[in-house]
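Before any comments, here is the structure.
2 protein chains.
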Amino acid sequence: MDEVAAAAGVSRATVSRVINNAPTVEAKIRERVQRAISATGYVVNSAARTLVTRRTGSVALVISEPEQREYDSSFLNRIFTDPFFGRITAGAQSALRPHDVHLVILPTDSSDHHQVVRYLRQGHVDGVLLISSHDEDPLPEQVHALGIPAVMSARPAAAIPASFVHTDQRLGARLAAEHLIRRGCTRLATVSGPLDMPAGQERLDGFRSFLQRRGLADVPCVEGDFTRAGGEDAARRLLAEHPGVDGLFVANDLMAEGAMLVLHDLGRRVPDDVAVIGFDDSSAALACRPPLTTVRQPVEEMAAEMAELLLAHIADPDRLPRSVSFQPTLVIRGSA
Amino acid sequence: MDEVAAAAGVSRATVSRVINNAPTVEAKIRERVQRAISATGYVVNSAARTLVTRRTGSVALVISEPEQREYDSSFLNRIFTDPFFGRITAGAQSALRPHDVHLVILPTDSSDHHQVVRYLRQGHVDGVLLISSHDEDPLPEQVHALGIPAVMSARPAAAIPASFVHTDQRLGARLAAEHLIRRGCTRLATVSGPLDMPAGQERLDGFRSFLQRRGLADVPCVEGDFTRAGGEDAARRLLAEHPGVDGLFVANDLMAEGAMLVLHDLGRRVPDDVAVIGFDDSSAALACRPPLTTVRQPVEEMAAEMAELLLAHIADPDRLPRSVSFQPTLVIRGSA
DNA sequence: CTGAAAGCGCTTACAG
DNA sequence: CTGAAAGCGCTTACAG
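Chains as they are written, first to last, in this note's numbering: chain A, 1 to 336; chain B, 337 to 672.
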């Protein structure tokens, strides 16, 4: 920087001003400095800048899962190949990129929370996007206690004031139930997500309570784990106990893909013998044969909105928390 | 830090020493400082530390693709939901995590290279893991010119000295060809990857040249793009022109999944009518019915090795470049 | 083994 | 509009 200042015949302060586009620099000097910058190939040192501005230009995307049996590459593998998390990452990146803000992705389980908290406290990032899917997860409160700008992926279980985005899961499940009824299915069943996850619980509630109002109580349910293999297992068990099922709601697309595979193995035709509806509208939906009818969540847009909210909180720390809600929609394809 | 020093009755230098586990601190003092740290809740400021140590504790994972029609969320979406890149990320993370090194993922196309280069020059990271899949990609050379520690995902096209990892793609393709022949297939064909990518070209070469030696010349080939939808298209075209095909090698699993879908639509039984072999052994292989026989690349292990190599280069900038090679293996499942 | 001091490379009131 | 100077919060020779 001294070199640039010398080459341009100005002070370091002025060099700094042109780098940061301060309006108070005379055009001629600005140009002279710019030439000196190109000539010397100078670039700012981001650590030095961060030290004084208190801004890093990075945010963390924390993906918090319940404790894993083994925190290893199989956990990381599941996270990084999950189409849902992939869409979140893509949505967040696309919103952040224009602002030149970078994303550090931190998958974590509860055995690992302290590492994440330490990382955040060390000031590596300006804020955090927190994807927490379990009721009992203490991380949202811990992050909130840190006082660092944060946006959550759903209403936090704890009563903390924080911005979050939201989809009406119950409404989504109801859309699925309505469609199955409309199709004339009479023996409905569902593969739910994990019932200790709000997303799992709410989709089941929404599905069941709509059917109950239509006089259909006690719809069979087997709990799955939101993975494809888990969906296969759950569907196999469900179909073994309830072979007559003709309409199946599966709480996410990955499990639905597994369920379709099982139906195929069992020689059941979809949708003629069994109509199937998934949830998410992820890429897995198009990998099914027939293509999967599913409840769409605009995941990319939600993640982008989380990023925008976070940027706003970083720019103005006194900004009041707000939540923004997205509507699920039914995407009708071949499976129901 | 002053606060901690005062509370422990020592200098800041000593506080720094205990934080960094310098061996030359008396046990009693060390303990006193540690208590003061817990009492005050002190954590280091990473920007200040980086400014003096020249270490950030982060590395970049740069995923360089050819120029996109639109650099937007659909590009990011493809990258972040691609099982191959997901495995790379997981493998790199799992190797880096024990060293407390963080990963910032930078998908980029050629319109965007200057941003990546600027980011790297600003010193945000200690090194870069570069996934570059195109022959003409100038990024490996640019990164090398920066003088920042880097490890490549394959032998760089340019003659630059750099560490890289490698799988023998030709051998992998040959494994597929051998297996198809052994099965008794006589009318072979292939869906290749993009032929401007070494991985696409080499798999095709390996497949064809083995067959040629067996007297099978001019095996039909349609070029695909490594996506599932691209695999569907390519398979459809191939089968329209060559309906008699009884053995199909598809250059990655995602395209193979698409090809299997097309075969299903066409009423062809797999493997009885057509045997199908993929490449990668990604999660897509298990989403096929029947499950996909495929050439396994140990992608996670390769990415972990890249990370280890990078860490070694960061620790010792004078270390000589080396390459480490992995063997592909055939994983036999139901499709062939 | 410990401390005083210099220095990492920036930005930003403050004065002019 | 520009510059001299202080200061961001650490680490690390250097001296003792």
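Virtual Cβ for every residue (Gly too), placed ideally from N, Cα, C.
Residue i versus the options, residue with shortest Cα-Cα distance
| i | options | result |
| --- | --- | --- |
| D608 of chain B | B:F615, B:S618, B:S619 and B:M596 | B:M596 |
| T376 of chain B | B:A344, B:I365, B:K364 and B:P664 | B:A344 |
| G244 of chain A | A:H124, A:A275 and A:A176 | A:A275 |
| G560 of chain B | B:G529, B:A576 and B:R572 | B:G529 |
| D616 of chain B | B:A643, B:A640 and B:F585 | B:F585 |
| S618 of chain B | B:D338, B:L412 and B:T417 | B:T417 |
| M1 of chain A | A:P23, A:Q34, A:I332 and A:T24 | A:Q34 |
| A251 of chain A | A:R174, A:I88, A:L239 and A:A240 | A:R174 |
| S64 of chain A | A:P161, A:A177 and A:A154 | A:A154 |
| V295 of chain A | A:L171, A:H102 and A:T329 | A:T329 |
| A157 of chain A | A:R187, A:P198 and A:G172 | A:P198 |
| D253 of chain A | A:A234, A:L239, A:F226 and A:G247 | A:F226 |
| R385 of chain B | B:H460, B:G422 and B:P476 | B:H460 |
| R523 of chain B | B:A431, B:Q478 and B:H578 | B:H578 |
| S132 of chain A | A:G172, A:R97, A:G86 and A:V62 | A:V62 |
Whole-angstrom distance between residue j and residue i, CA atom to CA atom
| i | j | result |
| --- | --- | --- |
| V222 of chain A | P402 of chain B | 45 Å |
| D532 of chain B | P474 of chain B | 14 Å |
| D205 of chain A | P290 of chain A | 27 Å |
| V351 of chain B | V379 of chain B | 11 Å |
| A525 of chain B | L552 of chain B | 11 Å |
| I111 of chain A | S394 of chain B | In the sequence on display, residue 111 of chain A carries Ser and not Ile. Whole-angstrom Cα-Cα distance: 22 Å. |
| V680 of chain B | G427 of chain B | The requested residue 680 of chain B is not part of the displayed model; chain B covers only 337 to 672. |
| A623 of chain B | H99 of chain A | 38 Å |
| V354 of chain A | F210 of chain A | Here chain A has residues from 1 to 336 only, and residue 354 of chain A is not among them. |
| V219 of chain A | R208 of chain A | 7 Å |
| A36 of chain A | A481 of chain B | 21 Å |
| G670 of chain B | I613 of chain B | 10 Å |
| P485 of chain B | V440 of chain B | 15 Å |
| R572 of chain B | V598 of chain B | 6 Å |
| E26 of chain A | L311 of chain A | 31 Å |
| S635 of chain B | Q297 of chain A | Note that residue 635 of chain B is Val in the sequence shown here, rather than Ser. Cα to Cα, V635 of chain B sits roughly 31 Å from Q297 of chain A. |
| R518 of chain B | G603 of chain B | 24 Å |
| D135 of chain A | A303 of chain A | 20 Å |
| V487 of chain B | H449 of chain B | 17 Å |
| F662 of chain B | A643 of chain B | 15 Å |
| R228 of chain A | V191 of chain A | 12 Å |
| I650 of chain B | D72 of chain A | 24 Å |
| Q122 of chain A | A177 of chain A | 48 Å |
| H502 of chain B | E641 of chain B | 10 Å |
| V116 of chain A | A6 of chain A | 43 Å |
| R32 of chain A | Y119 of chain A | 41 Å |
| A284 of chain A | T293 of chain A | 11 Å |
Per-residue burial, residue i [other beta carbons within 10 Å of its own, 16 or more giving buried]
| i | result |
| --- | --- |
| S382 of chain B | buried |
| D654 of chain B | exposed |
| E568 of chain B | buried |
| Q169 of chain A | buried |
| N21 of chain A | exposed |
| Q93 of chain A | buried |
| G258 of chain A | buried |
| R83 of chain A | The sequence as given places Pro at residue 83 of chain A; Arg does not occur at that position. Classification for P83 of chain A: buried. |
| A13 of chain A | exposed |
| R214 of chain A | exposed |
| H515 of chain B | buried |
| I79 of chain A | buried |
| D462 of chain B | buried |
| G184 of chain A | exposed |
| D652 of chain B | exposed |
| G200 of chain A | buried |
| I424 of chain B | buried |
Under 8 Å from the C-beta of residue i: neighbouring residues of chain B
| i | result |
| --- | --- |
| P83 of chain A | T417 |
| L261 of chain A | A623 and R625 |
| S283 of chain A | T417 and R564 |
Distance cut-off 6 Å: residue i Cβ against heavy atoms of the ligand NAD
| i | result |
| --- | --- |
| V18 of chain A | Of the ligands one can find in the structure shown there are none, so the ligand NAD has no counterpart to examine. |
Under 9 Å by beta carbon: chain A residues contacting residue i
| i | result |
| --- | --- |
| E588 of chain B | According to the sequence displayed, residue 588 of chain B carries Asn and not Glu. Those within 9 Å of N588 of chain B in chain A number zero; the least Cβ separation is about 14 Å. |
7 Å Cβ cut-off: residues of chain B touching residue i
| i | result |
| --- | --- |
| G123 of chain A | N381, S382 and A383 |
Where residue i meets chain A, residues with beta-carbon distance less than 8 Å
| i | result |
| --- | --- |
| E593 of chain B | A287 |
Interface residues of chain B facing residue i [CB-CB closer than 9 Å]
| i | result |
| --- | --- |
| D72 of chain A | S430 |
In the segment 145-221 of chain A, which residue ranges form an unbroken alpha helix (DSSP H) of at least 4 residues, counting only runs that do not cross its ends? 169-182 and 198-213
At which residue ranges does the segment 8-64 of chain A contain complete alpha helix (DSSP H) runs of 4 or more residues, listed in the order of the chain? 12-19, 27-40 and 46-53
I'd like the ranges of any beta strand (DSSP E) spanning at least 3 consecutive residues and lying wholly in the segment 220-295 of chain A. 221-223, 247-250 and 275-280
Extract the residue ranges of the alpha helix (DSSP H) inside the segment 70-124 of chain A, only unbroken runs of 4 or more that lie entirely within it. 73-81, 83-96 and 113-121
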